[in-house]
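Below: one structure, written as structure tokens.
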Amino acid sequence: MDLTRQSVWEKELSDVFTLVEYPAISDEPYCLIIGGNQATDEGAKTLAIYFQDWGVDRETITNIQCWAVFQAVLEVGIVEEMAGFTFNDALKWAIG
Numbered sequence: 021m022d023l024t025r026q027s028v029w030e031k032e033l034s035d036v037f038t039l040v041e042y043p044a045i046s047d048e049p050y051c052l053i054i055g056g057n058q059a060t061d062e063g064a065k066t067l068a069i070y071f072q073d074w075g076v077d078r079e080t081i082t083n084i085q086c087w088a089v090f091q092a093v094l095e096v097g098i099v100e101e102m103a104g105f106t107f108n109d110a111l112k113w114a115i116g
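Add 20 to a position in the sequence shown, counting from 1, and you land on the number used in our numbering.
The structure is reproduced here in structure tokens:
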């Protein structure tokens, strides 16, 4: 993923989760969720998970859904592998 690209859409769900979308380019993941306490600058730890697509209306994604996906992904340690799935696929797997 080329991190120099400008995002085309962003939505801060809380001080923990932010949704970001980049222009779609071929088969590259372009949907991103940044998680972590972004309200504090000192010692803040964040994690970014890329997805192939949202798979749902991005405006309907909630803080609780992001939390469920992040929790499941971190438990099994498959952050990079999520780039091949949609957020909706990851959510179904996380709550499944």
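Ideal placement from N, C-alpha and C gives every residue a C-beta, glycine not left out.
Cβ shell of residue i (< 7 Å), same chain only, five flanking positions each side left out
i	result
Gln85	Leu111
Thr106	Phe71, Gln72, Asp73, Trp74 and Gly75
Beta-bridge partners of residue i, as assigned by DSSP
i	result
Ile53	Leu39 and Ile69
Lys31	Leu39
Thr82	DSSP lists no partner for Thr82.
Alpha carbon of residue i to alpha carbon of residue j, nearest angstrom
i	j	result
Thr66	Trp74	20 Å
Gly116	Asn108	12 Å
Ile54	Gly104	17 Å
Glu48	Leu33	24 Å
Thr80	Lys31	11 Å
Asp77	Tyr70	16 Å
Beta-carbon contacts of residue i that lie in its chain and below 6 Å, excluding the five residues immediately before and after
i	result
Ala114	Ala88, Val89 and Ala92
Tyr42	Arg25, Ser27 and Tyr50
Ala29	Here residue 29 turns out to be Trp, not Ala, going by the sequence shown. Same-chain partners within the cutoff: Glu41.
Thr38	Glu32 and Ile54
Residues near residue i in its chain [Cβ-Cβ closer than 8 Å; skip 5 each side]
i	result
Val99	Leu67, Ile69 and Val93
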